[in-house]
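Following: one structure in structure tokens, then a few remarks.
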Amino acid sequence: MNVHHTDVKEHDAANAYQSMSETTGHDDPRWAFGTGVEDAQAEITSPVPDGVDAADLAAYCLMLGDDALICSHRLSEWVSNAPELEEDVALANTALDLLGQARVLLARAGQVEGRDRDEDSLAYLRLEAQFRNVALAEIGDDLDFACAIARLLLFSSWRLALLHRLLDSRDPVIAAVAGKGVNEVTYHRDYAARWALRLGDGTAESHDRMQTALNAVWPYVEELYRPSEVERRLVEAGVAVDPALTRAEVDAVLDEVLAKATLARPDGPPIGTIGGRGGRQGVHTEHLGHVLAEMQSLARQHPEATW
Amino acid sequence: MSTADLEQGFAATISADQRIEPRDWMPEAYRRTLIRQIAQHAHSEIIGMQPEGNWILRAPSLRRKAILIAKVQDEAGHGLYLYAAAETLGVDREALTEKLIESRQKYSSIFNYPTLSFADIGVIGWLVDGAAICNQVPLCRCSYGPYARAMIRICKEESFHQRQGFELLLAMVNGSDAQREMVQESTNRWWWPTVMMFGPPDDDSPNTAQSMEWGIKRHTNDELRQRFVDMAVPQAAALGVSLPDPELVWNEERKAHDYGDPDWEEFKAVVAGAGPTNAQRVARRRRAHENGAWVREAAQAYADKQAARAAGRKDCEVAA
Ligand SMILES: [Fe+2]
Ligand SMILES: [Fe+2]
Numbered sequence: 504m505n506v507h508h509t510d511v512k513e514h515d516a517a518n519a520y521q522s523m524s525e526t527t528g529h530d531d532p533r534w535a536f537g538t539g540v541e542d543a544q545a546e547i548t549s550p551v552p553d554g555v556d557a558a559d560l561a562a563y564c565l566m567l568g569d570d571a572l573i574c575s576h577r578l579s580e581w582v583s584n585a586p587e588l589e590e591d592v593a594l595a596n597t598a599l600d601l602l603g604q605a606r607v608l609l610a611r612a613g614q615v616e617g618r619d620r621d622e623d624s625l626a627y628l629r630l631e632a633q634f635r636n637v638a639l640a641e642i643g644d645d646l647d648f649a650c651a652i653a654r655l656l657l658f659s660s661w662r663l664a665l666l667h668r669l670l671d672s673r674d675p676v677i678a679a680v681a682g683k684g685v686n687e688v689t690y691h692r693d694y695a696a697r698w699a700l701r702l703g704d705g706t707a708e709s710h711d712r713m714q715t716a717l718n719a720v721w722p723y724v725e726e727l728y729r730p731s732e733v734e735r736r737l738v739e740a741g742v743a744v745d746p747a748l749t750r751a752e753v754d755a756v757l758d759e760v761l762a763k764a765t766l767a768r769p770d771g772p773p774i775g776t777i778g779g780r781g782g783r784q785g786v787h788t789e790h791l792g793h794v795l796a797e798m799q800s801l802a803r804q805h806p807e808a809t810w
Numbered sequence: 233m234s235t236a237d238l239e240q241g242f243a244a245t246i247s248a249d250q251r252i253e254p255r256d257w258m259p260e261a262y263r264r265t266l267i268r269q270i271a272q273h274a275h276s277e278i279i280g281m282q283p284e285g286n287w288i289l290r291a292p293s294l295r296r297k298a299i300l301i302a303k304v305q306d307e308a309g310h311g312l313y314l315y316a317a318a319e320t321l322g323v324d325r326e327a328l329t330e331k332l333i334e335s336r337q338k339y340s341s342i343f344n345y346p347t348l349s350f351a352d353i354g355v356i357g358w359l360v361d362g363a364a365i366c367n368q369v370p371l372c373r374c375s376y377g378p379y380a381r382a383m384i385r386i387c388k389e390e391s392f393h394q395r396q397g398f399e400l401l402l403a404m405v406n407g408s409d410a411q412r413e414m415v416q417e418s419t420n421r422w423w424w425p426t427v428m429m430f431g432p433p434d435d436d437s438p439n440t441a442q443s444m445e446w447g448i449k450r451h452t453n454d455e456l457r458q459r460f461v462d463m464a465v466p467q468a469a470a471l472g473v474s475l476p477d478p479e480l481v482w483n484e485e486r487k488a489h490d491y492g493d494p495d496w497e498e499f500k501a502v503v504a505g506a507g508p509t510n511a512q513r514v515a516r517r518r519r520a521h522e523n524g525a526w527v528r529e530a531a532q533a534y535a536d537k538q539a540a541r542a543a544g545r546k547d548c549e550v551a552a
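One line per chain: the protein sequences are G and V, in this order. Read in order, the letters of the first sequence correspond to residues 504 to 810 in the working numbering. Read in order, the letters of the second sequence correspond to residues 233 to 552 in the working numbering.
What follows is the structure in structure tokens.
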């Protein structure tokens, strides 16, 4: 028989009770759990870099922040719906990472625009046409795991290529988000790639489902490489990256993953714009309105509340 | 060794307050009781993701959203530790999940109540996680080693959930009138179901004595319930909310609170499957499990192919 002395356990047990009875006095720094904003607080208030237009910088932070916020929202729909508990954990974790990036970027947008809006007023009180995310972030999975993987593979491959190039952005907040985000998004991409392999090269059924999902998501890729006017100006100012420059890197990653997964590269036509405008200009798919209707509902019901 | 020797060794381990480990001999009834209890506990963690998950997409601030996602994620992790502990007793997760979705195994009755306002997220953390901790801290000393060790990790995270729930309520009672009303309404709705989480009163709890003898249980239902009530009363006062029990009063002689009787008929009905959300919770779990079948099959097929490929390479190396 194994003998395990219980000192440590009793110590832990006592701690758990103790921390409960101390609930009314709460000074533990972990109260702020899950924010990530604290780390970047110093940067968030730093001045707009010389020669950079504040409105452009705010708009760019919204683009990067909204991509993360809306994609995070879609991923969090999987919590308690995933095919395996490990996937519940992994998808929730990915949603949390992106939410953390979104919070810092939205806070920075609010700071530089100088209209007294914080991360929450930007997330909860903007209208659909004021969101700046790409369509790939907002389309729904309808609880099809293959769709979730296809989207995450494309989104994270692209975002990682962006973040790599933003590490030396002249905006210290964007550079800090990139610094932390590169590790996070590398993990997201690897997770999606591992599942693309399993599904693509798993059973005949999973192969078909993964190929179908990939075909459905692929038309949204072209938008990822299309620079807006704001981005063009900020590339000049050393703040932003030209998304067109990420195409080769993303293509190389996808070609490698798809080949290993025995999946074909889809060749359907890309989703078109409306008069040249897309997500970066506030023109979205029909999906975003529903996302926001749900996400913003409670916050809008209680405009006077603090949570 | 004869069965009598084995039984004697087992009894000696229990009475010395030492741990039984998976490879140790144990009486069949002890194994069965543990499997039932650990499975029920694991299912509770997993079903418990649903009532809180119900508010992830509507959380009213990004900080609250992050805290809530992290908490629900923790619960999935708790389920994983516990299914792993059950596996050391020879039952696998897949088989237990089947039993859950066929309603052949139970989970905590508390999760058969709906979350109807965001205050419920705070109240669940404060009261439900609080009650879970009262139940679970003694399990850190459970006689079965893998279960006790799983509980240590879980209890640390639960105490954090409890504090986060309380902190949300504190923010809400210091907010608008509407928020204060939400907190009181939610407290009224959750109080009695939480008090009933500890199970039936001691004189109506036939399995307690055996479980205590085996060191699976350390305190009776009523002892734990008392501990919970005594803890909750000052916390309710700190929040400025009332608890919906007119008989709740401090008893100076007992140095404990007297409290009223919950509606045990409601408890029995919920346990029997007639709670407000029993059917919904199980259907949701079933849907996730069935929708995920093709994914799990694909992962298995891929792993098999990889193993075959690795074996093929090895053969080539040997041949060369
Ligand atoms: Fe838990
Ligand atoms: Fe919990």
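All residues carry an ideal CB built from backbone N, CA and C; glycine is no exception. Bear in mind the structure is a predicted one, so any value in this text is a computation, not a measurement.
Checking the 6 Å criterion, the Cβ of V:D490 is out of range of every heavy atom belonging to ligand 2.
The straight-line gap separating the alpha-carbon atoms of V:A464 and G:W698 is approximately 45 Å. No Cβ-Cβ contact shorter than 7 Å links V:I386 with V:H275. For ligand 2, no non-hydrogen atom lies closer than 6 Å to the CB of V:D536.
Fully enclosed alpha helix (DSSP H) runs of no fewer than 4 residues occupy 440-445 and 453-471 of the stretch 437-475 of chain V, in order along the chain.
In the structure shown, V:A488 falls within a strand segment according to DSSP collapsed to helix, strand and coil. From the beta-carbon of V:P432, no residue of chain G is found nearer than 7 Å; the closest lies around 24 Å away.
Between the stretch 748-761 of chain G and the stretch 563-577 of chain G there are fewer than three inter-stretch CB-CB distances shorter than 8 Å, so the stretches are not counted as touching. Counting only Cβ-Cβ distances below 7 Å, V:R528 has contacts in chain G at P586 and E587, in chain order.
A direct Cα-Cα distance of roughly 7 Å separates V:R251 from V:T245. Scanning its chain for C-beta atoms nearer than 8 Å, with the 5 sequence neighbours on each side dropped, one finds around V:N420 the residues P476, in chain order. Under the three-state reduction of DSSP output, V:N510 falls in the helix class. Residue burial annotation: V:R264 is exposed, with fewer than 16 other C-beta atoms found within 10 angstroms of its C-beta. Here G:R780 carries a strand assignment [DSSP, helix/strand/coil].
Between V:V481 and V:T426, the C-beta gap is not smaller than 7 Å, which leaves the two residues out of contact. Under the 7 Å criterion on CB atoms, G:W581 is classed as non-interfacial with respect to chain V.
Listed along chain G, no residue sits closer than 9 Å to V:M428 by beta-carbon distance, the nearest being about 20 Å off. By the rule of a C-beta closer than 6 Å to any heavy atom of ligand 1, the residues picked out are V:E277, V:E307, V:H310, V:I386 and V:E390.
In the three-state reduction of the DSSP assignment, G:I774 falls in the coil class. Within the chosen limit of 6 Å, ligand 2 reaches the beta carbon of V:H393 through at least one heavy atom. For the stretch 709-732 of chain G, the set of residues with a beta-carbon nearer than 9 Å to any beta-carbon of chain V comprises S709, H710, R712 and M713, in chain order. Using beta-carbon distances, G:A751 does not count as an interface residue toward chain V, since no partner is under 7 Å. CA-CA distance, G:A696 to G:A767, rounds to 15 Å.
Per the Cβ contact rule, the stretch 330-346 of chain V is not in contact with the stretch 784-800 of chain G (fewer than 3 Cβ pairs under 8 Å). For V:V427, no beta strand (DSSP E) run applies; the uninterrupted alpha helix (DSSP H) run containing it begins and ends at D409 to V427, by DSSP. Checking the 6 Å criterion, the Cβ of V:D361 is within range of a heavy atom belonging to ligand 2. Distance from V:N344 to V:V502 at the Cβ level is roughly 5 Å; contact confirmed, criterion being Cβ atoms closer than 8 Å.
Residues of chain V with a Cβ closer than 9 Å to the Cβ of G:H667 do not exist, since the nearest Cβ in that chain sits about 25 Å away. With a cut-off of 8 Å on Cβ pairs, the stretch 533-549 of chain V is not in contact with the stretch 375-382 of chain V, counting fewer than three such pairs. The shortest C-alpha to C-alpha distance from G:A626 to any of G:L565, G:L666 and G:L594 is the one to G:L565. Taking 7 Å as the Cβ-Cβ cut-off, the stretch 283-304 of chain V approaches chain G at G285, I288, L289, R290, P292, S293, L294, R295, R296, K297, A298, I299, I301, A302 and V304, given in chain order. Going by C-alpha positions, G:L599 is about 30 Å away from V:A380. With respect to the C-alpha of V:R516, the residue from V:E319, V:E260, V:L471 and V:I278 having the closest C-alpha is V:I278.
Per the DSSP secondary-structure output, V:I342 pairs with nothing in a beta bridge.
Within a 10 Å sphere around the beta-carbon of V:E485 sit fewer than 16 other beta-carbons, which makes this residue exposed. Cα atoms of V:P432 and V:N439: separation of roughly 11 Å, rounded to the nearest angstrom.
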